[in-house]
Amino acid sequence: MRTPIDQIKGNATDARKTLLNDTMARFNLPGYYCHDIMNRMVIVEAGAVDSPNANDEGMSGSGNKTVIRAVYELKVERDMCNPTGNFHGGCVAYLVDVCTSVSYCLHDDWDCNHVSMSLETLYHAPAVEGSTIRIVCTLTAMGGRVGTSRCEIWGKEHGKLVASASHMKMKAGKPKPKAKL
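Position in the sequence shown (first residue = 1) + 4 = the numbering used here.
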């Protein structure tokens with residue numbers, strides 16, 4: 005499902021919001037892994053925000069760091085749950101991977117051609133079938149070749165942190181021509 009551009013909050017340009025929608029659509033192709041889940045994903049917000057941690061004690065610099073953030077929402081349905089009716093950890097990791105990866109397209113110097121280097125996920129509280137989750141992805145350090153993002157999944161109704169993650173990605177290189185012998 006594509007989120008109408010005028011319903012995506014945040015200060016990203018309409019062109020960036022369209023790119024975000026188009027990139028999300030790549031994970032929503034019939035017949036591919038988790039198509040039905042991705043078809044229900046809604047993009048809520050996209051753009052640059054002041055880092056909530058920029059003024060914490062111990063941080064170096066001026067304390068005025070701007071980061072790129074994208075927010076998504078999704079209802080937890082049976083196909084996302086384990087047999088006890090809780091949001092499955094494997095599904096959590098998949099959504100972290102996809103949502104952080106898609107968010108990279110909001111950065112000027114990154115496109116959609118990158119691969120995961122590491123994905124670390126911590127589980128904090130359950131989300132039950134029928135509840136809505138809010139997935140907040142923040143691009144925290146974007147270099148010329150490697151980028152790092154963090155992701156928090158919140159239970160919308162109870163306000164508890166369900167999971168948090170760190171995702172490191174590397175730009176994929178272009179194939180080198182084969183040497184002729």
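The C-beta atom is built at its ideal place from N, Cα and C for all residues, glycine as well.
Residue i classed as buried or exposed, judged by whether at least 16 other C-beta atoms fall within 10 angstroms
i, result
"G177", "exposed"
"R20", "buried"
"C116", "exposed"
"A183", "exposed"
"T186", "The chain is shown only over 5 to 185; residue 186 falls outside these bounds and no answer can be derived."
"V197", "Here the chain covers residues 5 to 185 and nothing more, so residue 197 does not appear."
"L126", "exposed"
"G14", "buried"
"A145", "exposed"
"R154", "buried"
"T104", "buried"
"T142", "buried"
Proximal residues to residue i (C-beta, below 8 angstroms), its chain only, five neighbours per side dropped
i, result
"H128", "K164, L165, V166, A167, S168"
"R149", "M174, K175"
Own chain residues within Cβ distance below 7 angstroms of residue i, not counting five before or after
i, result
"T22", "I9"
"C1", "Outside the modelled stretch of the chain, which goes from 5 to 185, sits residue 1, for which no answer is possible."
"K180", "none"
"R82", "E133"
Reduced DSSP secondary structure (H/G/I, E/B, other) of residue i
i, result
"K184", "coil"
"I9", "helix"
"C141", "strand"
"M28", "helix"
"R149", "coil"
"S120", "strand"
"G163", "coil"
"G89", "coil"
"V80", "coil"
"A19", "helix"
Whole-number beta carbon distance between residue j and residue i, since they are thought to touch under 8 angstroms
i, j, result
"H111", "I72", "6 angstroms"
"L24", "C109", "6 angstroms"
Residue i vs residue j beta-carbon contact at 7 angstroms
i, j, result
"G159", "A131", "yes"
"E124", "S170", "yes"
"V119", "V75", "no"
"I4", "V80", "Any question about residue 4 goes unanswered here, given that the chain covers just 5 to 185."
"M45", "L78", "yes"
"I12", "A50", "yes"
Beta-carbon proximity list for residue i, same chain, < 6 angstroms, skipping 5 on both sides
i, result
"M172", "M121, S122, T152"
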